[in-house]
Amino acid sequence: MIFGNIYKPMLEEQFAVLPAPLRNAIRFLKDNDMAAHEPGVFNIELDGLPIILQVLDLETKGREDLRPEIHRKNIDVQFLAKGGPEEAGFYSKEETGQVDEDLLDTPRDILFFCNDPEAPEGRIRLVPGSYAIYFPWDVHIPAIQAGDSPAAIRKIVIKVPLESCLPGDVRQGE
């Protein structure tokens, strides 16, 4: 997992260590007014790479009402465009986690785990401009309520194909 904010001065240093597809995704978020973008799911291209852009208007919820999730084929770049604050839970994928719903082999590319009070869950706090990059081995729980009451949020999710970030020899199985 990588966490940052498009308004912080270290953004260029973060860009320097990211694979180009992730760098392009963050740059897209920085260069476009995502708070004003229409909601929906869009197929777009970033530097010739087809990606999925989701613009979601949500309300944060109590942690107990949310399920941990992972993806197999995509890296999630999640961005808080407006509203909040929002918290996000995370932990490393545990093969022993109890699966609640497996949609990995569908276009949604998502697997939900049952909540596990013993999971070593960490938290980050997102404010407008914050982003979190979740890799397939990062279990994540987005849209957690950060205070005493739910908050409206505009959440942007860019689905970057994992394969586009791997070196050629790894992609080809060499």
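Read in order, the letters of the sequence shown correspond to residues 1008 to 1181 in this note's numbering.
We treat Cβ as the ideally placed atom computed from N, Cα and C, and that holds for glycine.
All values derive from a computational prediction rather than experimental measurement.
In DSSP terms, what residue i is bridged to
{"i": "residue 1152", "result": "1093"}
{"i": "residue 1159", "result": "1066"}
{"i": "residue 1147", "result": "1076, 1097"}
{"i": "residue 1120", "result": "1106"}
{"i": "residue 1183", "result": "As shown, the chain starts at 1008 and ends at 1181. That puts residue 1183 outside it, with no answer to give."}
Residue closest to residue i, alpha-carbon to alpha-carbon, out of the options
{"i": "residue 1142", "options": "1085, 1135, 1109, 1108", "result": "1085"}
{"i": "residue 1063", "options": "1137, 1160, 1083, 1117", "result": "1160"}
{"i": "residue 1151", "options": "1020, 1104, 1108, 1129", "result": "1129"}
{"i": "residue 1076", "options": "1025, 1083, 1119", "result": "1119"}
{"i": "residue 1009", "options": "1139, 1158, 1165", "result": "1139"}
{"i": "residue 1014", "options": "1034, 1165, 1025, 1158", "result": "1034"}
{"i": "residue 1089", "options": "1135, 1037, 1023", "result": "1135"}
Own chain partners of residue i with C-beta closer than 8 Å, once the 5 adjacent residues on each side are dropped
{"i": "residue 1153", "result": "1067, 1091, 1092, 1093, 1094, 1132"}
Same chain, Cβ closer than 6 Å to residue i, five either side skipped, listed in chain order
{"i": "residue 1126", "result": "1098"}
{"i": "residue 1045", "result": "none"}
{"i": "residue 1171", "result": "1028, 1056"}
{"i": "residue 1065", "result": "1150, 1160, 1162"}
{"i": "residue 1022", "result": "1030"}
Neighbour-count burial assignment, residue i, 16 or more Cβ in a 10 Å radius
{"i": "residue 1040", "result": "exposed"}
{"i": "residue 1060", "result": "buried"}
Cβ shell of residue i (< 7 Å), same chain only, five flanking positions each side left out
{"i": "residue 1031", "result": "1053, 1054"}
{"i": "residue 1047", "result": "1062"}
{"i": "residue 1080", "result": "1116, 1168, 1169"}
{"i": "residue 1107", "result": "1074, 1119, 1120, 1121"}
Going residue by residue through the region 1012-1070, where are the continuous alpha helix (DSSP H) segments of at least 4 residues, counting only ones entirely within it? 1018-1024, 1027-1038
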